[in-house]
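Protein chains in written order, with full-length UniProt numbering: chain A, 1 to 542; chain B, 1 to 542.
I have placed the structure first, in the form of structure tokens, so that the comments after it can refer back to it.
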């Protein structure tokens, strides 16, 4: 690792604008923006993927590798990524900083507490929750309907026991009521932090958070609870992007990590905008597959932040294609050209979808040593038929050198003049916006709404907030709302079970099927395999 | 503020042993200890106080000021203090970094997330809780009795609604059972971190934590849950002391902050031992008044860490004496020599108590501008009668210069040869240890045990752990277990309501009366008065 001051210097950031956390991590001071805001923007590259599955495509790996490759071919590049959440690290996932020769350092620290952003969000979230219950305890001057409190509590942990709880039991312990915890990445504050331009914008958005409804069914907001200034105090450093580096010394801004279901699943606007001023190319990623991640990146993040993406990379792997084509995990090693072809139907649809936004797409085939040459050839043949550029990426094995061809193709795609546009107009009705996504992206034929969802939808319209973009919450594994329907299904119905208003983040969450905002730990949690030696070295995390 | 590297240099710490968090905060690397361990120890000064009351004595202020004053008179001094907890900062208390010309910087950051230690403890605590419930959910191979889980959850927040809760409601959400949250400073992990010498010692202690009992009523430990290594991973940086500075550039190690009721109320052993190698004098404080704080500092911390205190400072104020002498807060301004005399009975007993440990005491009268000269004269006269050195301290107004006389008296006291000894022998029975404290320190005549307390006491004996020191949990406001009995009462009975075993921390918590481990917010929380401006400056915190 190079000292972080040296990484900063590479992109023209002087030491005075760095707030160092050890030698290899730093926050960028708010004042940096004033220095760089008049510079021209670099080109924004989105890395997305086919629908995720247990075989693994390698989206984060490719994002990191591509940023290294672009630097290798002389394009000054910064990567902008999401912060790993501690809960999943301790659960099933392990770290989220890439691997092999395409990883971000210091990996262990990034995967653990990093610079404390997620802890700060947890604190701000729970302060608001405590102040709501405290307000009720001390007389409830706002006449909050205690059956209609929508602000839950948060923890950065996979802890199923906290999903549904009853709080306030016992004399003097506040109002007894149903409540629950969500994982911090699902907190609206995480989404807000990622969409805010600066601390004043953050304050405005926090003010709008709806914590519940009063006896007249009018919204009660964080502003009414007088919690927002203290929340800003808690978040004043969390809103600053974090600078780290890849294993090849490419600067990386890691900042924010909202869920890609209940939220929009992209790293922060502050980090993206800063990166665009620092580099010729900014490589960023969105959560899950392109049906959720890219759609929300384009329709929510780019819209709200005024960003124009120049190209999108769709990461696939032969293994993931075969799984999507019906092969079981245990049988993925065996060559199966037909399964590759069946799985490619899924990729084809994602490519078509991205083109609907006017964004040129490039396919990155993330190479695994178990891939048969005939399978790889088949993938390239299918891409040719589709008229999409494809490149075999071996960044895990070779680092940036393993993605030079990909980088060249991405750069060429990005040099075309952008025809980026949104898929829907914000001013359309909520139902029209949902239908547009379902028909154009998922290719379903119909949308049905549960009565409770319709009721909330009318409520949102009454509140004059139907102009907000919609944030779809759907299983990431399928274009449908059923995880087991792979490939490229058509003629299905999407069932909207619930609608939630994230008035602070500024979107309407449309839930299809059931949505888990607090994961559980598996039978053998990843936590059981961690180990720290007496020198403070961690094993088993990344 | 001076750069923290410069503060470190003052006490012979080179930059390679600093892990900087911004320019003004740093953690000390574990490797520093190897470099300094063979140096002679400095003298250890404990700052304690009369029983606390709303009038305020100024213990933290005096600790900070005295460290500055000792440096002024040529004694190389480092202060070792506790970390502020976020919950109380947002509640009633505001910050905990001193004020006026006796404060620690950067105050706002220390009072907020600081270097993330408390967040790390919260994470480790809740990981263990989640893994316990997860173990039960996945078959309960350890046969944990779900009615006898003693490991609750933790949050650094004042949130009364979380005191008593029911978790695990709903299908697939684990075992439905009663549970509750404590504030993180009350977590046994906080006590453990503060008593551990290094990460290997930390691991040993974490292994011993009892999370509950199985169907045969045998203890189930954190070790059985296989959570300890991951907890060590989460705590690997939290165990390193944090270096900051006073407003006059005196080095301060701020590290750990366990409650002084359910735990021992002192900053970390690691920080104290490190400080003793770096300076001629180390000034540290203990929680609450001397009946709780000093007793536990001597009997628990000094015993476990092999420390020998050279002197103790008892902080009092004329205002606090008058309140203790029966004057209401609204009337504290008026001169009242009789009330001063009545209140001094409280101080007298604390002085006598400290002498029982063989430690010389000095009284610091923390000056308020409202103090009448006649009141101050009375205090000094009473001290003379008691044969104890006293000094008027005006460190709030004058910084170190306001405590030069105090520093000289403290230094003289500390230069006497120490006759420090413990008040009881660990090998005595639990009841004998409790009785010794009640008779010798509190001056009660009797101890009665609730049946449940006696049952646990027998259980601890059966487990072969009765040799652990006792950690008294009592109201800080009185020598008795009733908060409203001020002065120096005698002939009272202490009622032990409950006994809890902190097997990891290594003490037996003896609860008298009811003990709140999760505070609530007041009607107007301090959080409502906080404000951060667009330059990131915080107002209203310290």
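Using N, Cα and C, we set each Cβ at its ideal position, and we do this for glycine too.
Keep in mind that this is a model prediction, so the values were computed, not measured.
For chain A, find out if any of its Cβ atoms is closer than 8 Å to the Cβ of residue i; answer yes or no.
| i | result |
| --- | --- |
| residue 226 of chain B | yes |
| residue 113 of chain B | yes |
| residue 120 of chain B | yes |
| residue 130 of chain B | yes |
| residue 162 of chain B | yes |
| residue 95 of chain B | no |
| residue 110 of chain B | no |
Rounded to whole angstroms, what's the CA-CA distance from residue i to residue j? Just pull it up for me.
| i | j | result |
| --- | --- | --- |
| residue 472 of chain B | residue 431 of chain B | 12 Å |
| residue 174 of chain B | residue 335 of chain A | 41 Å |
| residue 26 of chain B | residue 96 of chain A | 27 Å |
| residue 78 of chain B | residue 297 of chain B | 18 Å |
| residue 16 of chain A | residue 39 of chain A | 19 Å |
| residue 53 of chain A | residue 478 of chain A | 9 Å |
| residue 350 of chain B | residue 310 of chain B | 17 Å |
| residue 87 of chain A | residue 186 of chain A | 12 Å |
| residue 59 of chain B | residue 411 of chain B | 18 Å |
| residue 384 of chain B | residue 344 of chain B | 12 Å |
| residue 145 of chain B | residue 480 of chain A | 43 Å |
| residue 306 of chain B | residue 41 of chain B | 12 Å |
| residue 406 of chain B | residue 390 of chain B | 7 Å |
| residue 100 of chain B | residue 62 of chain B | 11 Å |
| residue 512 of chain B | residue 475 of chain B | 8 Å |
| residue 373 of chain B | residue 287 of chain B | 30 Å |
| residue 45 of chain A | residue 226 of chain B | 43 Å |
Which class does residue i belong to by DSSP, given the choice of helix, strand or coil?
| i | result |
| --- | --- |
| residue 98 of chain A | strand |
| residue 263 of chain A | coil |
| residue 150 of chain B | coil |
| residue 239 of chain B | coil |
| residue 281 of chain A | strand |
| residue 420 of chain B | coil |
| residue 2 of chain A | coil |
| residue 319 of chain B | helix |
| residue 409 of chain B | helix |
| residue 178 of chain A | strand |
| residue 131 of chain A | helix |
Excluding sequence positions up to five away, which residues of its chain have a Cβ less than 8 Å from the Cβ of residue i?
| i | result |
| --- | --- |
| residue 83 of chain B | 110, 114, 117, 118, 242, 254, 255, 256, 257 and 267 |
| residue 303 of chain A | 422, 426 and 469 |
Within 8 Å (strictly less), CB to CB, does residue i reach chain B?
| i | result |
| --- | --- |
| residue 86 of chain A | yes |
| residue 523 of chain A | yes |
| residue 149 of chain A | no |
| residue 534 of chain A | yes |
| residue 361 of chain A | no |
| residue 1 of chain A | no |
| residue 498 of chain A | no |
Between which two residues does the alpha helix (DSSP H) carrying residue i extend?
| i | result |
| --- | --- |
| residue 88 of chain B | 86–90 |
| residue 35 of chain A | 32–36 |
| residue 72 of chain A | 59–72 |
| residue 188 of chain A | 188–195 |
| residue 374 of chain B | 373–386 |
| residue 340 of chain B | 337–356 |
In its own chain, which residues sit with a C-beta less than 7 Å from the C-beta of residue i, not counting the 5 before and 5 after it?
| i | result |
| --- | --- |
| residue 453 of chain A | 496, 497, 498 and 499 |
| residue 208 of chain A | 221, 503 and 504 |
Quick one: give me the first and last residue of the beta strand (DSSP E) that residue i is part of.
| i | result |
| --- | --- |
| residue 214 of chain B | 210–214 |
| residue 446 of chain B | 446–449 |
| residue 514 of chain A | Careful: residue 514 of chain A lies outside any beta strand (DSSP E) and carries neither H nor E. |
| residue 182 of chain A | 181–183 |
| residue 471 of chain B | 470–473 |
Could you pull out every residue in the same chain whose Cβ sits closer than 6 Å to the Cβ of residue i, ignoring the five residues on either side in sequence?
| i | result |
| --- | --- |
| residue 379 of chain A | 365 |
| residue 403 of chain A | 65, 66, 69, 393 and 395 |
| residue 125 of chain A | 154, 187 and 189 |
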